[in-house]
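> At position 63 of the sequence shown (counting the first as 1) the number is 89 in the working numbering, and the numbers step up by one without a gap.
Cβ coordinates follow ideal geometry from the N, Cα and C atoms, glycine included.
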Amino acid sequence: MSNCISLLGSTGSIGRQSLDVIAACGMTVAALTANRDVERMEAQCRRFQPELAVMMDSAAAADLRLRLADTPIRVGSGMEGLLEAASLERADTVLTAVVGMVGLRPTLAAIRAGKRIALANKETLVCAGELVMEAADTWGAEIVPVDSEHSAIFQCLQGCRDRGEVRRLILTASGGPFWGWEREKIASATVEQALKHPNWSMGAKITVDSASLMNKGLEFIEAMRLYRLPPEQISIVIHRESIVHSLVEYCDNAILAQLGVPDMRLPIQYALTWPARTEGVAKPLDLLSCPPLTFHAPDYEAFPCLSLALGAARTGGTATAVLNGANEAAVGLFLAGKISFGDIARRVEHALAVVPGVQKPDLEAVLAADAAARQAASEDF
Ligand code: MG
Numbered sequence: 027m028s029n030c031i032s033l034l035g036s037t038g039s040i041g042r043q044s045l046d047v048i049a050a051c052g053m054t055v056a057a058l059t060a061n062r063d064v065e066r067m068e069a070q071c072r073r074f075q076p077e078l079a080v081m082m083d084s085a086a087a088a089d090l091r092l093r094l095a096d097t098p099i100r101v102g103s104g105m106e107g108l109l110e111a112a113s114l115e116r117a118d119t120v121l122t123a124v125v126g127m128v129g130l131r132p133t134l135a136a137i138r139a140g141k142r143i144a145l146a147n148k149e150t151l152v153c154a155g156e157l158v159m160e161a162a163d164t165w166g167a168e169i170v171p172v173d174s175e176h177s178a179i180f181q182c183l184q185g186c187r188d189r190g191e192v193r194r195l196i197l198t199a200s201g202g203p204f205w206g207w208e209r210e211k212i213a214s215a216t217v218e219q220a221l222k223h224p225n226w227s228m229g230a231k232i233t234v235d236s237a238s239l240m241n242k243g244l245e246f247i248e249a250m251r252l253y254r255l256p257p258e259q260i261s262i263v264i265h266r267e268s269i270v271h272s273l274v275e276y277c278d279n280a281i282l283a284q285l286g287v288p289d290m291r292l293p294i295q296y297a298l299t300w301p302a303r304t305e306g307v308a309k310p311l312d313l314l315s316c317p318p319l320t321f322h323a324p325d326y327e328a329f330p331c332l333s334l335a336l337g338a339a340r341t342g343g344t345a346t347a348v349l350n351g352a353n354e355a356a357v358g359l360f361l362a363g364k365i366s367f368g369d370i371a372r373r374v375e376h377a378l379a380v381v382p383g384v385q386k387p388d389l390e391a392v393l394a395a396d397a398a399a400r401q402a403a404s405e406d407f
């Protein structure tokens with residue numbers, strides 16, 4: 027069970043919900059980090075009294091330093107600050123809730139410092155899963171997933187004595203706002219439409235990824251890395267109600283599932299209290315007022331991002347880093363109103379075609395693939 031937490035990405039959606047859980051569970055905070063939301067960061071610092079507060083943006087850090095001048099809280103900035111927050115002596119757990127590839131180096135630093143990693147930053151495992159899992163083995167760091175699907179699988183694997191008994195993992199997907207739409211209609215969807223998720227309230231990047239089903243593709247790769255299983259042993263089903271958060275099928279045909287209301291505070295809490303469970307912060311699920319639970323096969327034709335992700339998963343090596351980097355860049359362009367929704371998949375496909383792949387990449391190769399993919403996804407072709 028965690029006692030003292032460094033929370034990377036505290037002002038985002040997962041970060042704010044994590045602070046709810048930390049407060050409710052009576053845990054303390056060693057460090058908070060954010061990108062540039064100084065106002066919210068100041069309020070969080072005053073409430074949680076961390077030793078260190080870090081802003082990625084240097085102007086925001088200077089502003090925060092002035093605002094917190096009457097407190098003993100140290101203010102850091104940039105990647106250097108993020109790395110320090112990830113390895114602070116006082117913290118037993120590092121919760122990585124930053125969005126994107128920027129989470130990779132701090133996660134590796136936290137692993138080297140022997141922390142428990144409560145991992146909400148899926149891009150880290152997607153880009154460099156083998157490196158991260160190897161480092162965790164070497165340094166004896168525990169990685170506990172925060173992503174709701176992976177937390178569900180993690181919970182269904184508790185008590186599994188032999189991983190050889192697992193036949194497959196079944197990831198559920200809500201299908202997002204465009205489920206049931208034709209491919210052409212999806213391709214011309216607006217930013218506003220993409221940001222309307224039916225069940226979950228999340229940050230902008232992951233909400234767009236959920237609409238394109240790229241999020242499920244990234245989670246497929248995340249599951250492969252985290253549970254060290256080949257793609258053949260992972261399936262995806264569309265489950266519109268987001269009540270069954272994922273399932274594990276065992277060799278005797280038993281399927282275990284984890285159910286609950288769609289509230290990220292539940293998997294966040296489990297990542298922090300594991301292997302124990304404590305009084306829930308999220309509401310209980312009332313089975314009697316639950317909608318009927320439905321399951322459908324994914325539509326790979328209408329959601330090309332999902333096919334691209336599964337293809338990259340099978341290729342392996344740097345392909346998954348290219349997929350992720352290109353997607354981050356393309357989603358940024360879409361949110362800025364510069365490209366269409368359909369262009370996201372087109373640009374990711376282009377990057378996968380033009381960036382050369384490397385098998386068994388080291389950190390430099392991963393970072394180079396990420397940079398090349400962003401470049402390829404941003405250029406006109
Ligand atoms: Mg998820």
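(1) Following the continuous beta strand (DSSP E) through S32, name the residue where it begins and the one where it ends.
(2) Taking a contact to mean a Cβ-Cβ separation below 8 Å, would you say K242 touches A283 in this structure?
(3) Indicate whether L151 and L33 have their beta-carbon atoms separated by less than 8 Å.
(4) Does L285 get closer than 8 Å to chain C when you measure Cβ to Cβ?
(5) Could you say which of L157, V101, F74, Q75 lies nearest to A86 if we only look at CA atoms?
(6) Of the choices S174, T216, I169, P256, whose alpha-carbon is the least far from that of V192?
(7) Per DSSP, E275 forms a beta bridge with which residues?
(8) Check whether the Cβ atoms of A399 and A377 sit closer than 8 Å, and answer yes or no.
(9) Do V170 and L145 count as a contact pair if the criterion is CB distance below 8 Å?
(10) Could you pull out every unbroken alpha helix (DSSP H) segment of at least 4 residues lying fully inside the stretch 216 to 283, listed in chain order?
(11) Would you say the beta carbon of S39 comes nearer than 7 Å to a heavy atom of the ligand MG?
(12) Going by the C-beta, is D289 closer than 7 Å to any heavy atom of the ligand MG?
(13) Please name the residue or residues paired with V101 in a DSSP beta bridge.
(14) Listed by chain order, which residues have C-beta atoms less than 7 Å from any heavy atom of the ligand MG?
(15) Name the residue from R373, E354, V374, D396 whose alpha carbon lies nearest to the alpha carbon of V384.
(16) Can you grab the Cα-Cα spacing for the pair L349 / D312, in whole Å?
(17) Going by C-alpha distance, which of M127, E175, T320 is nearest F246?
(18) Between the alpha carbons of A394 and K222, how many angstroms are there, rounded?
(19) Are the CB atoms of I294 and S44 nearer to each other than 8 Å?
(20) Is the beta carbon of A403 less than 8 Å from the beta carbon of R373?
(21) Spatial neighbours of A123 within its chain, please: C-beta separation below 8 Å, excluding the five flanking residues on both sides.
(22) Just how far apart, CA to CA, sit P318 and A178?
(23) Is the Cβ-Cβ distance between A136 and I143 less than 8 Å?
In brief:
(1) 30 to 34
(2) no
(3) no
(4) Structure shown: chain C not included; a single protein chain is present.
(5) V101
(6) P256
(7) R194, I281
(8) yes
(9) yes
(10) 217 to 220, 230 to 238, 240 to 253
(11) no
(12) no
(13) A79
(14) D173, S174, E175, N241, E245
(15) D396
(16) 39 Å
(17) E175
(18) 34 Å
(19) yes
(20) yes
(21) L33, L34, G35, S36, G38, I40, G41, S44, A146, N147, V172
(22) 20 Å
(23) yes
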